[in-house]
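I have placed the structure first, in the form of structure tokens, so that the comments after it can refer back to it.
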Amino acid sequence: MSGYQTGVLVFLAFNVIAAYSVYLPMAAGQLNLGIAGFMAIGAYTSAYLSNELGWSMLASVPAGALASCLLATVVAVPVLRTHGIYLALATFALGQIIAAVFLNLEVVGAAAGYPVSEYVSPMVVVACAAGVVLLMVFLSRTRYGLYLTAIKNDATVTDLMGVNVRGMQISAFAIGAMVAGFGGALYGHHYSFIEAQHFNVLLSVFTVLYVLLGGTQTVLGPLVGAVFFTLLPEALRASDQWRYVIFAALIILMMLLRPQGLLTASLLRSLGGRKQGVQQ
Amino acid sequence: MSATATLGNAGAMAGSAAGDYALEVRGLSKSFGGLEVIGDLSFAAPRGKATALIGPNGAGKTTVFNLVSGVYTPTAGTVLVNGRDITGVPSRRRIHAGVARSFQNIRLMQHLTVIENLLIGQHVRAQGLGALFSPFRLMPKHRWWKEAQQALDECGLGAYAQQTVGALAYGIRKRIDLVRATLASPSLLLLDEPAAGLNPTETQDLLAHLRLLASRGTSLLVVEHDMPFVGEICEHVVVLNFGRKIAEGTLDEVRQVPQVREAYLGSEEE
Chain G
138 MSGYQTGVLV FLAFNVIAAY SVYLPMAAGQ LNLGIAGFMA IGAYTSAYLS
188 NELGWSMLAS VPAGALASCL LATVVAVPVL RTHGIYLALA TFALGQIIAA
238 VFLNLEVVGA AAGYPVSEYV SPMVVVACAA GVVLLMVFLS RTRYGLYLTA
288 IKNDATVTDL MGVNVRGMQI SAFAIGAMVA GFGGALYGHH YSFIEAQHFN
338 VLLSVFTVLY VLLGGTQTVL GPLVGAVFFT LLPEALRASD QWRYVIFAAL
388 IILMMLLRPQ GLLTASLLRS LGGRKQGVQQ
Chain R
304 MSATATLGNA GAMAGSAAGD YALEVRGLSK SFGGLEVIGD LSFAAPRGKA
354 TALIGPNGAG KTTVFNLVSG VYTPTAGTVL VNGRDITGVP SRRRIHAGVA
404 RSFQNIRLMQ HLTVIENLLI GQHVRAQGLG ALFSPFRLMP KHRWWKEAQQ
454 ALDECGLGAY AQQTVGALAY GIRKRIDLVR ATLASPSLLL LDEPAAGLNP
504 TETQDLLAHL RLLASRGTSL LVVEHDMPFV GEICEHVVVL NFGRKIAEGT
554 LDEVRQVPQV REAYLGSEEE
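Chain order of the listed sequences is G and R. Each number in the numbering used here comes from the position in the first sequence (counting from 1) with 137 added on. Each number in the numbering used here comes from the position in the second sequence (counting from 1) with 303 added on.
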């Protein structure tokens, strides 16, 4: 595999991890526009632990994910009292605040960025992304996944069925942030350098785009979305600056023709994807 | 006769032993801002029987359902289920107290299959983290699938198990909504206009289904405009108008109350 192909594959792996960090809360009807902030938490925490405290990557990367999860749990309690556009704005603001804090935090290099001493190989990154996909597929086959779908469809009815809707929403938000933190930690250790400017709002928006255009009805939607929107710009590279125009036009077309996303539950069923139960 | 004339078992609940009734509502009120939609409402639904809650549109019937199921918090009054005061119990805990409900406008999960909707209804019997994170959907022979399928088969709906809810006919969805509500084995089932929009055959199927539930000891509180349907299944009737009870008794008894005829049922000649 050429260096370019490896580079694209690793980029795809990071996008897949990011897409699933957005997908989980979105499966419960929550739009998290601050996912880049949670990636930053994971990246900086794990990098600090590796650099300054000499932790092994095997400990520092999970610790980065855990730090994101803990912050998300604390933040989710007040933030998830909001819904719809207010939740989107609250998470957007949270992501901006986190990025601003790291941008000014001297202990991790502030605006100059922060080199990371340890290195994660491309194959480990790809294997971790595959692990995240498998985890999400596993969750989708449990009552947990089913209840998230139910909450998104009708939170009142799900509540009356006895499901702890708020607890489920907080956990989805926190697990999503944990996955984002995991991705951020891997990112820092793979590229050996992190800077706060990378974890900006565009990263969050693009990640949400992967999920929405891939489709939220099925657990494989974010994977399809991330693959499509990672490889498409690469395929359009030959068209030079026109690729931005073509890319934007394709997004608009997809929103018009497939507002429910590329992959839907009914499409999977028609493809004969399952015998029992639906991919939700 | 007074404006709040009651017949039948009027006042019985005052002297009853706790738990004689599946549902007791005492002095229930609900206001939205300055608008009182339920005012000082008291009635009781006998255990193991079907009680109808009837009245004109806007009388507050669905609001009563929302108060009993915990969707709304009452402004005043108490709600007792099987003698237990559940007024302060959160809505999601009420199913543990034996209260389940269906909705006037069917609220099934449209893009899920029928059996997946039923799996959600099983939640109260699948508690704990082990149940929450068991990948049972990879196991076609898991007991949860079998139980859900069995519940459908009992009602003659087994053939629809793997179909997407959104693609089914209205009458079938109504029945599935009912099956889902019964999966928690509730002692009190609230049914909001279960016969609305059904054809005569579907109505007969529904009646048979409700009789089966009643024979198993489930108490029913039914909001319904179809009086022949009410007459078939409900032994006790409570009539509301403008959020207040105007009559209570058997259907024949409440039909004789002038306020009921004036506000809702009309006279024979009409």
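Cβ coordinates follow ideal geometry from the N, Cα and C atoms, glycine included.
N-terminal and C-terminal residue of the alpha helix (DSSP H) that residue i is part of
i: asparagine 420 of chain R; result: 417-424
i: alanine 403 of chain R; result: Element bounds for alanine 403 of chain R: not the alpha helix (DSSP H) but the beta strand (DSSP E), 402-404.
i: phenylalanine 545 of chain R; result: Per DSSP, phenylalanine 545 of chain R belongs to no alpha helix (DSSP H) and is neither H nor E.
i: phenylalanine 175 of chain G; result: 172-188
i: lysine 333 of chain R; result: Looking at the DSSP string, lysine 333 of chain R is not in any alpha helix (DSSP H); the run it does join, the beta strand (DSSP E), is 324-335.
i: serine 205 of chain G; result: 194-216
i: methionine 391 of chain G; result: 379-394
i: serine 407 of chain G; result: 402-407
i: valine 367 of chain R; result: 364-372
For residue i, the first and last residue of its enclosing beta strand (DSSP E)
i: isoleucine 341 of chain R; result: 338-349
i: threonine 381 of chain R; result: 379-384
i: glutamine 357 of chain G; result: The sequence shown places leucine at residue 357 of chain G, rather than the glutamine named in the question. From DSSP, leucine 357 of chain G is part of no beta strand (DSSP E); its letter is neither H nor E.
Rounded distance between the beta-carbons of residue j and residue i, thought under 8 Å
i: phenylalanine 384 of chain G; j: proline 370 of chain G; result: 6 Å
i: serine 341 of chain G; j: glycine 171 of chain G; result: 6 Å
i: alanine 550 of chain R; j: valine 533 of chain R; result: Not quite, the Cβ-Cβ distance comes to about 13 Å (not below 8 Å), so this is no contact.
i: glycine 461 of chain R; j: glutamine 452 of chain R; result: 6 Å
i: alanine 165 of chain G; j: methionine 305 of chain G; result: 6 Å
i: methionine 298 of chain G; j: isoleucine 423 of chain R; result: 6 Å
i: aspartate 343 of chain R; j: serine 332 of chain R; result: 6 Å
i: valine 348 of chain G; j: leucine 399 of chain G; result: That pair is no contact at about 11 Å.
i: glycine 179 of chain G; j: phenylalanine 319 of chain G; result: 6 Å
i: glutamine 167 of chain G; j: phenylalanine 310 of chain G; result: 6 Å
i: glycine 546 of chain R; j: alanine 362 of chain R; result: 7 Å
i: histidine 326 of chain G; j: tyrosine 251 of chain G; result: In fact, because the Cβ distance is near 12 Å, the residues do not count as touching under 8 Å.
Where residue i sits in the DSSP three-state scheme
i: glycine 500 of chain R; result: coil
i: tyrosine 328 of chain G; result: helix
i: isoleucine 312 of chain G; result: helix
i: valine 257 of chain G; result: coil
i: arginine 558 of chain R; result: helix
i: serine 139 of chain G; result: coil
i: histidine 528 of chain R; result: coil
i: histidine 512 of chain R; result: helix
i: leucine 356 of chain R; result: strand
i: leucine 373 of chain G; result: coil
i: glycine 299 of chain G; result: coil
i: valine 541 of chain R; result: strand
i: isoleucine 389 of chain R; result: coil
i: valine 427 of chain R; result: helix
i: alanine 550 of chain R; result: strand
i: leucine 301 of chain R; result: Residue numbering for chain R in the displayed model covers 304 to 573; residue 301 of chain R lies beyond these limits and cannot be assessed.
i: glycine 320 of chain G; result: helix
i: leucine 224 of chain G; result: helix
Top-ranked residue by Cα proximity to residue i, from the options
i: isoleucine 479 of chain R; options: R:Ile409, R:Pro377, R:Phe335; result: R:Ile409
i: glycine 336 of chain R; options: R:His399, R:Pro377, R:Lys352; result: R:Pro377
i: valine 526 of chain R; options: R:Pro359, R:Gly351, R:Arg329, R:Gly342; result: R:Pro359
i: leucine 543 of chain R; options: R:Phe368, R:Gly469, R:Glu457; result: R:Phe368
i: glutamate 457 of chain R; options: R:Ala511, R:Arg476, R:Pro497; result: R:Ala511
i: alanine 487 of chain R; options: R:Ser405, R:Leu326, R:Glu327; result: R:Ser405
i: leucine 455 of chain R; options: R:Leu515, R:His399, R:Val417; result: R:Val417
i: threonine 355 of chain G; options: G:Phe365, G:Val274, G:Leu394; result: G:Val274
i: methionine 391 of chain G; options: G:Ala209, G:Val212, G:Leu350; result: G:Leu350
i: alanine 317 of chain G; options: G:Leu346, G:Leu203, G:Ala237, G:Gly352; result: G:Leu203
i: asparagine 169 of chain G; options: G:Tyr223, G:Ala184, G:Leu285, G:Ala200; result: G:Tyr223
i: glutamine 430 of chain R; options: R:Lys548, R:Leu411, R:Arg396; result: R:Arg396
i: leucine 387 of chain G; options: G:Ala177, G:Ala311, G:Leu405, G:Phe365; result: G:Phe365
i: alanine 353 of chain R; options: R:Arg558, R:Val541, R:Val482, R:Arg547; result: R:Val541
i: leucine 208 of chain G; options: G:Ala156, G:Thr228, G:Gly268; result: G:Thr228
i: histidine 399 of chain R; options: R:Leu501, R:Val468, R:Gln425, R:Arg514; result: R:Gln425
i: glycine 474 of chain R; options: R:Arg558, R:Val384, R:Ala566, R:Thr506; result: R:Thr506
i: glutamate 450 of chain R; options: R:Thr485, R:Val374, R:Lys477, R:Gln466; result: R:Thr485
i: phenylalanine 239 of chain G; options: G:Val261, G:Gly221, G:Arg374, G:Ala333; result: G:Ala333
i: cysteine 206 of chain G; options: G:Val345, G:Gly250, G:Asp377, G:Gly313; result: G:Gly313
i: threonine 143 of chain G; options: G:Asn241, G:Val262, G:Ala267; result: G:Val262
i: serine 370 of chain R; options: R:Pro349, R:Gly351, R:Gly330; result: As written in the sequence, residue 370 of chain R is leucine, which differs from the serine given in the question. Out of R:Pro349, R:Gly351, R:Gly330, R:Gly330 has the C-alpha closest to the C-alpha of leucine 370 of chain R.
i: leucine 272 of chain G; options: G:Glu189, G:Met315, G:Asp291, G:Val257; result: G:Met315
i: valine 147 of chain G; options: G:Asn337, G:Leu404, G:Gly321, G:Thr401; result: G:Gly321
i: isoleucine 235 of chain G; options: G:Asn290, G:Tyr181, G:Ala156; result: G:Tyr181
CB contact below 8 Å: residue i versus chain B
i: threonine 210 of chain G; result: You won't find chain B in this structure, because its protein chains are G and R.
Those runs of the beta strand (DSSP E) which lie wholly inside the stretch 434-508 of chain R and span at least 3 residues:
491-495
In the stretch 231-295 of chain G, which residue ranges form an unbroken alpha helix (DSSP H) of at least 4 residues, counting only runs that do not cross its ends?
259-277, 280-290
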